[in-house]
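Accompanying notes for the structure given below.
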Amino acid sequence: MRSILLILLMILPAAAPQAGEREWLGRARLFTNDKLGDGQDRWRTGSYSLSAIRGQSWDGHLPAGLGDLVEYRIRTAIIAPDDLSNPVLGTDRRYAAAIHFGAISHFRRGALDIALGLDMVVTGPQTGLGDFQSWVHGGLGLGQIQVLGSQIGNALYPTLVAEVSREFVLAAPGGRRTTFRPFLEAQAGVETLARIGADFTFGPAGEGDFMVRDVGTGQRSTAMKGNRTRGVTFVLGGDIAYVADSAFLPRASGFGLTPARVRLRGGVLVEEGQRSLFYGLTWLGREFVNQPEGQVVGSVAIRMRF
96 MRSILLILLM ILPAAAPQAG EREWLGRARL FTNDKLGDGQ DRWRTGSYSL
146 SAIRGQSWDG HLPAGLGDLV EYRIRTAIIA PDDLSNPVLG TDRRYAAAIH
196 FGAISHFRRG ALDIALGLDM VVTGPQTGLG DFQSWVHGGL GLGQIQVLGS
246 QIGNALYPTL VAEVSREFVL AAPGGRRTTF RPFLEAQAGV ETLARIGADF
296 TFGPAGEGDF MVRDVGTGQR STAMKGNRTR GVTFVLGGDI AYVADSAFLP
346 RASGFGLTPA RVRLRGGVLV EEGQRSLFYG LTWLGREFVN QPEGQVVGSV
396 AIRMRF
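Numbering (my numbering), first residue to last: 96 to 401.
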């Protein structure tokens with residue numbers, strides 16, 4: 096609890112030093128669903144994230160001060176067993192609904208880009224997500240959801256999040272811009288884990304941009320664009336995590352966590368003027384011992400400004 100209070104004291108007072116100095120600078124949205132991937136309706140089945148960036152200005156570079164540029168984010172996520180109507184009790188994972196409310200400070204130390212902050216994660220029936228999904232399924236004739244009675248219960252999880260990354264430019268403007276960004280991530284709260292990974296970018300996106308990483312897939316989306324060429328950009332990435340504990344897979348219910356949680360991702364961003372479309376696919380490896388295989392989810396982000 097002391098660590099959580101310390102993070103809040105560092106971020107929140109710095110986030111609003113004086114009225115009129117700060118403004119909303121940009122937004123990023125990402126919709127993810129397995130219907131856009133392998134077509135199934137299971138496990139990490141769907142999420143939606145919205146990030147709003149607040150600071151004094153954006154000049155294409157992260158500020159040096161903690162709290163000078165803050166990402167305020169909200170994320171909804173639904174996790175489900177393989178069969179929503181007739182699940183294999185005691186073998187498949189329990190239904191889980193979660194809403195994340197977060198404040199993340201992004202800043203630079205030397206050549207390192209750092210993200211540090213706090214998510215407050217609300218779980219259980221109190222989120223209303225289970226009832227919403229049941230209503231959608233009923234309206235579309237997809238059958239009734241019979242797993243809400245055994246879903247992960249109501250709780251609030253303060254979750255510390257941190258990421259350290261560095262970008263290396265592998266190809267100069269003479270050809271197609273190519274970058275390599277390795278990163279380290281740590282999280283303690285609703286899930287406690289340590290992760291290492293990297294992302295490649297082939298194209299103009301990212302040059303002078305401010306990008307945020309999705310919690311579930313690791314896909315990066317643009318919140319603020321720099322003064323750069325628009326065009327087509329391809330992205331590839333992957334990471335591996337050691338998960339020490341997960342509120343979504345409670346050991347008390349008999350779940351054994353896999354020794355490594357792997358994600359592999361790719362995508363394409365097409366830009367024209369102020370309009371853009373991103374579509375990405377992410378392979379999510381097994382999360383618990385009884386999970387028979389991984390899954391593929393699809394992510395979409397659309398910007399339409401005229």
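The beta carbon of each residue, even a glycine, is placed where N, CA and C say it ideally should be.
{"Asked": "Could you check what DSSP says for Pro158 in three-state terms: helix, strand or coil?", "Found": "coil"}
{"Asked": "Assign Pro112 to one of three DSSP states: helix, strand, or coil.", "Found": "Caution is warranted here: a pLDDT of 46 is assigned to Pro112, below 50, making its placement in the model unreliable, and the coordinate value is therefore given only provisionally. Note: Pro112 maps to coil in three-state DSSP."}
{"Asked": "Just tell me which of Val330, Ser144, Trp378 has its CA closest to the CA of Phe297.", "Found": "Val330"}
{"Asked": "Based on DSSP bridge pairs, tell me the residues matched to Gln390.", "Found": "Leu379"}
{"Asked": "Closest by CA to Val363, which one among Gly326, Ser200, Val392, Val338?", "Found": "Gly326"}
{"Asked": "For Ala257, which of Gly301, Val384, Phe202, Thr274 has the nearest alpha-carbon?", "Found": "Phe202"}
{"Asked": "Please check the pair Gln390 and Arg124, which I expect to be a contact at CB under 8 Å, by giving their CB distance rounded to whole angstroms.", "Found": "Between Arg124 and Gln390 the Cβ distance is about 22 Å, and since that is not below 8 Å, they are no contact."}
{"Asked": "Which ranges does the beta strand (DSSP E) cover as unbroken runs of at least 3 residues, wholly within the region 166 to 211, from first to last along the chain?", "Found": "191 to 204"}
{"Asked": "Can you look up Gln228 in the DSSP assignment and give me helix, strand or coil?", "Found": "helix"}
{"Asked": "In whole angstroms, what is the alpha-carbon distance linking Ala339 and Thr312?", "Found": "19 Å"}
{"Asked": "For Gly128, which residues does DSSP report across the bridge?", "Found": "For the sequence presented, residue 128 should be read as Asn rather than Gly. Answer by DSSP bridge pairing, in chain order: Gly141, Gly393."}
{"Asked": "Can you give me the C-alpha to C-alpha distance between Arg168 and Gln314, rounded to a whole angstrom?", "Found": "15 Å"}
{"Asked": "What span of residues does the beta strand (DSSP E) with Gly291 cover, start to end?", "Found": "The sequence given here places Ile at residue 291; Gly does not occur at that position. Run containing Ile291: 286 to 297, per the beta strand (DSSP E) assignment."}
{"Asked": "Can you check which of these residues, Gly332, Gly303, Arg323, is closest to Asp309 by C-alpha distance?", "Found": "Gly332"}
{"Asked": "Should Ile37 be labelled buried (16 or more other beta-carbon atoms within 10 Å of its own) or exposed?", "Found": "Within the shown structure, residues of the chain are numbered from 96 to 401, placing residue 37 beyond reach of any answer."}
{"Asked": "Could you tell me if Ser371 is buried or exposed, where buried requires 16 or more neighbouring beta carbons within 10 angstroms of its beta carbon?", "Found": "buried"}
{"Asked": "Where do the ends of the beta strand (DSSP E) carrying Ala355 lie?", "Found": "Premise fails: Ala355 is in no beta strand (DSSP E) and is neither H nor E."}
{"Asked": "Taking C-beta to C-beta, are Val264 and Ile209 nearer than 7 Å?", "Found": "no"}
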